[in-house]
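First comes the structure, then the notes that go with it.
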Amino acid sequence: MTKLGIIILTLISLSGAAGPVLLTVPEQPPTFSLAIGGDVLLAGTVGERIKIHGVNYPWGDVAPFLQQADLAIVNLETSVAEGGKPQEKTFTFRSRPETLEGLKAAGVDMVALANNHVLDYGREGLEETLSYLARYEIQHAGAGLNEKSAYAPAIKEINGAKIAFLSFSMVVPPGWQVGNDHPGVAVAYGLDKMLRAVKNAKDATDFVLVYMHWGIERQSTPSNIQQEIGRELVNAGADLVIGSHPHVLQGIEFYRGVPIFYSLGNFVFTNRGLQTTEDTILLLIEADKNGVASLRAVPFEIIKNKPTIVGGKDQERIFNRLIKLSSPLGTEVTLDGEIFPIANVP
């Protein structure tokens, strides 16, 4: 006999009761936990530190949180390859394949690939990236060998609930958009394909998480386009929307009860000398088939290229900033990291 969704015979002593009273316990949807971080780069100075200290170097403080969650997700802001040709752009990232061993061991289950770095070493580099992710059994969304695979969700079933993960980018260099017959990135230009993918995922699963690459670098306020697209994603069926690319934290909005995190900022990344690019959070989420039930942020500061958990004044600084950014969007954030919509704000 299960604990949920059963009829329990309970003897209740009531005045005038002739016998046992049947109480029906409403069936509760299965719950699951998510841990979500921002941009992860395993090349450059991060890669150099990994060479010295080992593949687990960036993950020491954050791994326990990722491993405890039923599903852990980050944005993989790099190609993972040994070959390929660097593209003509300002920054090109190529991480060594063994760095994925640390990513996997830390507890990351899925990665977003729809970004402006996954093809830094061309289509050959992307094909290698997909191959190495498969080797390390890390699911992905947002890029593929053809349009069908790039727009397809990664799916995982947890406690009887099917979770779909999709990834799209509004920041794509020329020629990177996926096609029917060539590899590339799932884009958010012209919303039809993206919204159709979200609707199809919602029809086939219980919970849809969308990870967007959008916005303006180092801009702490979401653009009007970000807000418009975020809301369209919710209208199409998204139960949770996460953003990255600005490299700084942006605010949190609830639209129709669905949380939209406009930017989680950096997570495992090169240090840029700005406090706003070093401060970050890991989102811990409890959810079920009805949507997100609770949200909590854990504060981290990127020190020597790895997220380092903080408390005291550093925690206050991060959460006060998140409060300042989220309050105009109708969201309350406490100094303990709890997140919820402000009452009477639609």
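Take -15 as the starting number for the sequence shown in the working numbering and just add one per residue. Beta carbons: idealized from backbone N, C-alpha and C, even for Gly.
Residue ranges of each alpha helix (DSSP H) run of no fewer than 4 residues wholly in the stretch 215 to 269, ordered along the chain? Counting whole runs of 4 or more residues, the stretch 215 to 269 contains the alpha helix (DSSP H) stretches 259 to 262.
Return the Cβ separation of Phe152 and Ala172 in integer angstroms, given the expectation that the two are a contact with Cβ distance under 8 angstroms. About 5 angstroms; that satisfies the 8 angstroms criterion.
Quick check on this structure: which residue in Ala56, Gly21, Glu85, Tyr195 has the alpha carbon closest to the alpha carbon of Ile35? The sequence given here has Lys at residue 35, not Ile. Comparing Cα positions, the closest option is Glu85.
So what does DSSP say about Gln71, is it helix, strand or coil? Note: Gln71 maps to coil in three-state DSSP.
Could you tell me which residues DSSP puts in a beta bridge with Arg78? Ser63, per the DSSP bridge assignment.
For Ala332 and Asn208, what's the separation of their Cα atoms in angstroms? Nothing can be reported for residue 332, as the shown portion of the chain is limited to -15 through 330.
Between Ala170 and Gly109, how many whole angstroms is the CB-CB distance? I'm expecting something under 8 angstroms. The Cβ separation is near 17 angstroms, so there is no contact.
From Arg280 to Leu18, what distance separates their C-alpha atoms? Separation of Arg280 and Leu18 (C-alpha to C-alpha, rounded to the nearest whole angstrom) is 11 angstroms.
Pull up the distance between the alpha-carbon of Val5 and that of Gln12, whole angstroms please. The pLDDT assigned to Val5 is 49, lower than 50, so where the model puts this residue is not dependable; a value taken from the coordinates is nonetheless given after this. Rounded to the nearest whole angstrom, the CA to CA distance from Val5 to Gln12 is 21 angstroms.
Helix, strand or coil for Val171, going by three-state DSSP, please let me know. Three-state DSSP puts Val171 in a strand.
Can you tell me which residues form a DSSP beta bridge with Arg280? Per DSSP, Leu268, Glu322.
Any idea what DSSP makes of Thr205, helix, strand or coil? Looking at Thr205 - three-state DSSP - the assignment turns out to be coil, as it is neither helix nor strand.
Is the Cβ-Cβ distance between Gly31 and Arg107 less than 8 angstroms? No, these two residues do not count as a Cβ contact at 8 angstroms.
With respect to the beta strand (DSSP E) encompassing Thr15, which residues constitute its N-terminal and C-terminal limits? Note, Thr15: beta strand (DSSP E), 15 to 24.
Between the C-alpha atoms of Ala220 and Val182, what's the straight-line distance to the nearest angstrom? Rounded to the nearest angstrom, the two C-alpha atoms are 6 angstroms apart.
Inter-stretch contact at 8 angstroms, needing at least 3 Cβ pairs: the stretch 85 to 104 / the stretch 123 to 132: These segments touch.
At the level of alpha carbons, what is the spacing between Ile(-10) and Met196? Because Ile(-10) carries a pLDDT of 34, less than 50, the predicted location of this residue cannot be relied on, and no value is offered for it.
Val252 vs Pro42 beta-carbon contact at 8 angstroms: Going by C-beta atoms, Val252 is nearer than 8 angstroms to Pro42.
Report the partner residues of His124 according to the DSSP bridge assignment. Partner(s): Val95.
For Pro90, does the count of other Cβ atoms within 10 angstroms reach 16, so buried, or fall short, so exposed? In the sequence as presented, Pro is not what sits at residue 90; that position holds Ala. Buried, because 16 or more other Cβ atoms sit within 10 Å of the Cβ of Ala90.
Who are the near neighbours of Pro312 in its chain, counting only those whose CB is closer than 8 angstroms to its CB and skipping five residues on each side? These residues qualify, in order along the chain: Gly235.
Buried or exposed: Ser278, going by 16 or more other Cβ atoms within 10 Å of its Cβ? Exposure of Ser278 is indicated by the presence of fewer than 16 other C-beta atoms within 10 angstroms of its C-beta.
Determine the DSSP secondary structure at Phe44, reduced to helix, strand or coil. First, the amino acid is wrong: residue 44 is Gly here, not Phe. DSSP places Gly44 in the coil class of the three-state scheme, outside both helix and strand.
Nearest candidate by alpha-carbon position, reference Ser228, set Asn40, Phe284, Ala96, Glu131: Taking each of Asn40, Phe284, Ala96, Glu131 in turn and checking the Cα distance to Ser228, the smallest one comes out for Ala96.
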